[in-house]
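If you count by this note's numbering, then the sequence shown holds residues 16 to 643, one letter each, in order.
The next block holds one structure in the form of structure tokens; read it before the comments.
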Amino acid sequence: MLTGTPNVGKTTLFNALTGRHRRTGNYHGVTAEISRAESIIGGIGYVYDLPGLYTMRGGKTEEKRAAESLEKLRGVTVVQVSDCRYLARSLPLTKELIARGKRVVIAFTMSESLVRRGGKINAAAMTKKIGVPCVCVNALNKKSVREFAEFLVRNERAENIKSTEAAEDNKNAGEANAKSAETARRTVKAAGYTFSENEYMPPKSRKAPSAIYTALWLLPAFFLVVAGVFYLAFGSGSIGVYLKDKIESVFSYLADRAEESIGNPFLKSVICGGLLRGTGGVFSFLPQIAILYFFSDFLEESGVMSALAYATDGFFSLLNLSGRAAFCIFLGYGCTAAGIASAAALENEGAKRRAIACLYFVPCSAKLPVYLTLLSSLVDKPLLGAAALYVLGTGAGLLISAFCGGKEEDFIMEIADFSLPSPLFLLNKLLFQLKGFIIKVSTTVLCFTLAAYTLASFNFSGVCEAENSILAALSRIFVFAFYPMGVKDWRAAFAAIGGAVAKENVSGLLAALCPEGLRLDRAASAAYLIFVALIPPCVAAVSAAAKEIGKKAALKYAFLQIAAAFVCAYAVHFVFSRNIAQACLFAALAGSTIFAMSAIRKKLSGKHEKTERRRARKKAGGDMRKIG
């Protein structure tokens, strides 16, 4: 069982021991849920990764979860992961674990960094000093992890032998227990922990300039770097665009060769149109997504996000959020479901709901292929358009939070040290994320695209033109809702609805069903793009929200967001069509929808707060009766 204070490397060690890829980051509160997996190294069994906690009496939700697990699971080895650069932060928890009779092993991380900064640690001497086994481990080094696992196995065997001997020696059981208790008392008493130079030397203080943590310096630097990354991914002549064009040409070549070699018309249509041009079109965005993922991973692992959260706390407090929301929004750019899961660390229920309502609008990486597909027919240079859509989605989400009102959450956080992450670690993390994208496109998007393409080729009489197909008949049931935004093509309507399952479906379906391109005028293209940008996230994200705030609230947010997306798209179409009166009308409707979302959130939050107050009063009454 891995425990310890936040941001000491517990999840990194968990991943190394189990072969999993749980999210990591150089900031506090990355792990909010308890993870369990079987070790890939023999002799260890199952490994638990607990959220960080400073004390067993912590008041935060994740601290309570971790403390309950530590109390509940008995007879297991508790590995307290400790950053040896800041040893004093870990010692109070060490004291509590020993006092509770836990079988503790202390794993010191960041020992190389400690030495580089002029410090020193002697694990063998620390074992004698503290009274529990201590060992240094580097979770990014396979040899170090293997040696650590062997150390745990040896320690487990030694503890089991001691327990067996104590159980067999019934005559001396009382004496053994007394000695054990006395040892624990001496160890706890020694928790003042004054270390000699041979045992532990702290690192020389290396304080970052205070200007780094000010918004006036940090935010312009951050946005400048973001602009550079966007240019690298989407700019004219950039590496991202170059690689995207190369992949597109490969799939186009394969489609041309397939058309020449396949004789069956239907099979040729499905493979060339649905598979190679449809799903292959989504694959072509892989280089640009990889660039954004790499930048995101670098920020997470370098400690910049911690400073950014601190610098933006004042801004987020104006929107009834805290600097903690910066983590949620940043993770939401990669995956909305991950951002929503990170919102579980927010203590204030109202703040959690506001953050999740905001995340519904924040564009994730899955929307990127959709943006680029639609922008290519609307503007010559998609770079500024893609950036504007990211700003639009984030701004809409923050506006929702500002309208929601409610009590601001207190924000207390240790700022992580800046560090240069290991290139190999970043590469492995990037490859795992790209693997997930490829699997998703190869399964969900491929199956959805092929199913849609097949339905677009048949009716109840057999093979037919797409306009007379089953899919066309089904799509015409709801295509009328797209008329006010100038979209009368049932294929565009179906592609937008298909994005509810996975946003990549929109690009795949448009490429498969509209090989000649989506023929919309400028006003309709802009309106359709705004609609796709503002529709709710995928099913996985809504499910994650339901887990945190309840199914009813998650679905209400989604339906209200769909309504807001429609009225905003209508307004954009009328603005581009220069019908200002109707644009103002639908802008007012959009405002009313946002107000309705705010009112529903307040009502749900108020109900929850009342329920919590009733529970607290009931618990207090029960405690008073026990005292009486």
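All C-beta atoms, glycine included, are put in the ideal place defined by N, C-alpha and C.
7 Å CB neighbourhood of residue i in its chain, flanking five on each side removed
i: Met141; result: Cys149, Glu214, Tyr215
i: Glu171; result: Thr92
i: Lys650; result: As shown, the chain starts at 16 and ends at 643. That puts residue 650 outside it, with no answer to give.
i: Ser126; result: Cys99, Ile136, Cys151
DSSP state of residue i mapped onto helix, strand, coil
i: Pro454; result: In the sequence under discussion, the amino acid at residue 454 is Ile, which differs from the Pro named in the question. Helix, per DSSP.
i: Ile371; result: helix
i: Val381; result: The question names Val, but residue 381 in the sequence shown is Ala. If DSSP states are grouped into helix, strand and coil, Ala381 belongs with coil.
i: Cys479; result: coil
i: Ser311; result: helix
i: Arg491; result: coil
i: Leu17; result: strand
i: Arg51; result: strand
i: Ile121; result: strand
i: Asn474; result: strand
i: Met428; result: coil
i: Tyr405; result: helix
i: Ile1; result: This structure cannot settle anything about residue 1, because the visible part of the chain is limited to 16 through 643.
i: Val93; result: strand
i: Arg131; result: helix
i: Val557; result: helix
i: Val150; result: strand
i: Ile550; result: coil
i: Ile59; result: coil
i: Met320; result: helix
i: Tyr268; result: helix
i: Asn192; result: Caution applies to Asn192, whose pLDDT of 46 falls short of 50 and renders its modelled position unreliable; the model cannot decide the point.
i: Met141; result: helix
i: Asp98; result: strand
i: Tyr42; result: coil
Proximity winner among the options, relative to residue i (alpha-carbon distances)
i: Ile545; options: Pro436, Leu465, Lys79, Leu407; result: Leu407
i: Leu413; options: Asp432, Val377, Val394, Phe447; result: Val377
i: Ser84; options: Leu439, Leu112, Gly354; result: Leu112
i: Thr26; options: Cys343, Leu533, Glu316, Lys503; result: Glu316
i: Lys87; options: Phe447, Gly116, Ala164; result: Gly116
i: Lys79; options: Arg89, Thr92, Gly90, Leu65; result: Leu65
i: Glu162; options: Gly73, Leu247, Ile56; result: Ile56
i: Ile121; options: Lys382, Thr18, Gly338; result: Thr18
i: Arg89; options: Pro107, Val119, Arg506, Leu167; result: Val119
i: Leu307; options: Lys382, Cys343, Glu275, Ser267; result: Lys382
i: Arg132; options: Arg72, Ala569, Pro217; result: Pro217
i: Ile430; options: Arg37, Leu234, Gly318; result: Gly318
i: Val94; options: Val168, Ser128, Arg35; result: Val168
Cutoff 6 Å; reference residue i; Cβ partners in own chain excluding five residues on either side
i: Tyr63; result: Met16, Arg51
i: Leu314; result: Met320
i: Ser490; result: Trp505, Ala508, Phe509
Check whether residue i and residue j have beta carbons under 8 Å apart
i: Leu549; j: Ala579; result: yes
i: Lys503; j: Cys553; result: no
i: Ala559; j: Ile355; result: yes
i: Val547; j: Gly514; result: yes
i: Ala341; j: Ala360; result: no
i: Val23; j: Val130; result: no
i: Arg537; j: Phe591; result: yes
i: Cys350; j: Cys379; result: yes
i: Val587; j: Ala556; result: no
i: Val582; j: Val460; result: no
i: Leu68; j: Ala81; result: yes
i: Phe574; j: Val516; result: no
i: Leu32; j: Ser437; result: no
i: Val521; j: Val385; result: yes
i: Lys158; j: Ser251; result: no
i: Leu291; j: Ala305; result: no
Chain-order list of residues whose beta-carbon lies under 8 Å from that of residue i (same chain, five-residue window excluded)
i: Ala417; result: Leu333, Leu334, Asn335
i: Arg576; result: Just to set this straight, residue 576 is Gln in the shown sequence, not Arg. Within the same chain, Gln576 has close Cβ partners Tyr375, Phe376, Leu549, Ile550, Pro551, Met612.
i: Tyr468; result: Ser284, Val285, Gly288, Gly289, Gly293, Ala527, Leu528
i: Phe245; result: Leu398, Ala401, Ala402
i: Phe281; result: Ser472, Val478
i: Tyr61; result: Arg51, Ala52, Glu53, Ser54
i: Ala205; result: Bear in mind that a pLDDT of 39 at Ala205, under 50, signals an unreliable position, so the model cannot answer this.
i: Lys219; result: Arg132, Gly133, Gly134
Heavy atom of the ligand NAP within 7 Å of residue i beta-carbon
i: Phe237; result: The ligand NAP is absent from the structure shown, which contains no ligands of any kind.
| message | Three or more C-beta pairs under 8 Å: does that hold for the segment 362-374 against the segment 562-575? | response | Verdict: yes, contact present.
| message | For the structure I just gave you, are there three or more beta carbon pairs, one from the segment 466-479 and one from the segment 322-334, closer than 8 Å? | response | No, because fewer than three Cβ pairs between the segment 466-479 and the segment 322-334 fall closer than 8 Å, the two stretches do not touch.
| message | When you compare the segment 451-469 with the segment 298-307, are there three or more beta-carbon pairs, one atom per stretch, that lie closer than 8 Å? | response | Segment contact: the segment 451-469 against the segment 298-307, three or more CB-CB distances shorter than 8 Å; contact assigned.
| Three or more beta-carbon pairs under 8 Å between the segment 34-53 and the segment 132-140, yes or no? | Fewer than three beta-carbon pairs drawn from the segment 34-53 and the segment 132-140 are found closer than 8 Å, and the two stretches are therefore not classed as touching.
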